[in-house]
Amino acid sequence: MANSDPLIIAHRGASGDRPEHTLAAYELAIDQGADYIEPDLVVTKDLKLVSRHENELSGTTDVASREEFDYLRREKTIDGQRVAGWFAEDFTLAELRTLRAKERVPASRPANTRYNGLYQVPTFEEIVKLVRAKEAETGRTIGLYPELKHPNFMLEVEGIDMVDLVLRELRDLGIEPEDPIFIQCFEVTTLRRLNQRSDYKLVQLIRPEGGPVDEPDMRYAEMVTPSGLEELATYVDGIGPWLGYVLDPQTMAQTTLVADAQALGLKVHPWTLRKENAFLPATLQSEGGPADEGQWRLLWGAAIKSGADGFFTDNVKEFVALSKNEPR
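Per our numbering, residue 87 is the first one in the sequence shown, and the count goes up by one each step.
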């Protein structure tokens with residue numbers, strides 16, 4: 087792909103069109119033209135990596151309606167937040183496979199609810215096999231962009247080391263550092279450990295507020311300063327910032343973040359481009375409800391012109407169409 091074309095990273099698959107983190111969502115995203123697909127990784131009781139937005143399962147599966155799993159309902163404090171529900175790390179893979187996925191934000195994506203109950207929770211291994219099958223079918227190279235979810239909590243509270251698990255899984259699956267793969271995380275210590283133990287390309291995710299749970303004295307806002315970026319460049323290959331760090335969603339005015347980061351050799355992959363009112367700034371929302379399309383083309387067009395190296399998007403088909411018409 088030419089440098090003038092930003093990478094298209096399918097955020098949780100084609101999640102604007104199918105329930106997120108399902109093989110159907112990933113396959114559709116590839117068919118629509120995604121360069122990378124992004125599975126969020128959590129861990130089962132028997133140490134299998136599976137793809138869910140969160141380790142708490144009730145938002146994305148039918149577990150709450152499954153009486154046989156009532157006994158597994160728990161309350162846990164995860165990254166300082168009290169969370170009640172059912173957690174992947176309390177289920178074996180066999181138990182988890184009996185659940186079925188559902189749309190996580192039905193008010194914003196009512197059309198996706200027609201697929202509720204159709205799909206299982208996929209393992210990371212299955213996702214890799216799907217990618218390889220689609221590469222063979224299409225002749226294209228499809229990248230992987232896994233995110234490690236709550237690894238600090240998993241290590242300190244559950245005694246599960248996700249760094250060990252993901253490195254072992256990548257080795258077992260024959261995925262090499264030079265392959266098209268980025269490993270991302272909101273935590274700092276996790277990425278530093280991965281940097282010390284491997285040569286995989288790493289990406290520091292950056293939220294609009296707060297700081298990494300494993301580094302309580304740090305703030306995400308400091309990461310996007312010149313000195314913060316210099317520090318990031320010592321242990322990661324790129325950044326995944328909230329889009330608001332790249333441009334002002336109200337005025338579309340660009341910041342210097344893309345240029346500052348690229349000058350240090352860092353890739354910049356902002357998140358997340360979506361088209362529904364529910365996900366757009368108030369000034370770009372159209373009349374109608376949260377599921378109606380807003381003026382997303384204005385925001386996405388400004389984002390593409392920022393010169394960022396790639397974008398996370400829920401709407402791959404629309405991004406492909408728009409990016410072909412937007413000068414860089």
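Backbone N, C-alpha and C define an ideal beta-carbon position, used for all residues, glycine too.
{"Check": "Gly-171 - containing beta strand (DSSP E), residue span", "Outcome": "167-171"}
{"Check": "Beta-bridge partners of Phe-268, as assigned by DSSP", "Outcome": "Lys-287"}
{"Check": "Residue interval of the beta strand (DSSP E) (run including Leu-158)", "Outcome": "Careful: Leu-158 lies outside any beta strand (DSSP E) and carries neither H nor E."}
{"Check": "Asp-303 classed as buried or exposed, judged by whether at least 16 other C-beta atoms fall within 10 angstroms", "Outcome": "exposed"}
{"Check": "Ser-137: first and last residue of the uninterrupted beta strand (DSSP E) it sits in", "Outcome": "135-137"}
{"Check": "The segment 348-360 contacting the segment 312-326, beta-carbon criterion three pairs below 8 Å", "Outcome": "yes"}
{"Check": "Arg-104 burial status per 10 Å Cβ neighbour count (16 or more: buried)", "Outcome": "buried"}
{"Check": "Inter-residue CB distance, Thr-399 and Ile-213 (contact presumed, cutoff 8 Å)", "Outcome": "Not quite, the Cβ-Cβ distance comes to about 18 Å (not below 8 Å), so this is no contact."}
{"Check": "Simplified DSSP assignment, three categories, for Ile-213", "Outcome": "helix"}
{"Check": "Helix, strand or coil at Lys-391 according to DSSP, with G and I counted as helix", "Outcome": "helix"}
{"Check": "For Val-274 and Asp-300, believed in contact at Cβ under 8 Å, the rounded distance", "Outcome": "6 Å"}
{"Check": "Alpha-carbon spacing of Met-240 relative to Ile-269, whole angstroms", "Outcome": "17 Å"}
{"Check": "Alpha-carbon to alpha-carbon, Arg-160 and Gly-229", "Outcome": "36 Å"}
{"Check": "Alpha-carbon to alpha-carbon, Ala-219 and Glu-175", "Outcome": "29 Å"}
{"Check": "DSSP-derived helix/strand/coil call for Thr-276", "Outcome": "helix"}
{"Check": "Beta carbon of Val-344 nearer than 7 Å to that of Ser-392", "Outcome": "yes"}
{"Check": "Close-in-space but distant-in-sequence residues of the same chain around Asp-36 (CB under 7 Å, 5 per side omitted)", "Outcome": "The shown model of the chain, from 87 to 414, leaves out residue 36, and the question about it has no answer."}
{"Check": "Distance CB(Leu-216)-CB(Leu-109) smaller than 7 Å", "Outcome": "yes"}
{"Check": "Inter-residue Cα distance where the pair is Ala-111 and Thr-199", "Outcome": "13 Å"}
{"Check": "Limits of the unbroken alpha helix (DSSP H) element including Asp-126", "Outcome": "Premise fails: Asp-126 lies in the beta strand (DSSP E), 126-129, not in any alpha helix (DSSP H)."}
{"Check": "Exposure label - Pro-312; buried when at least 16 CB within 10 Å", "Outcome": "exposed"}
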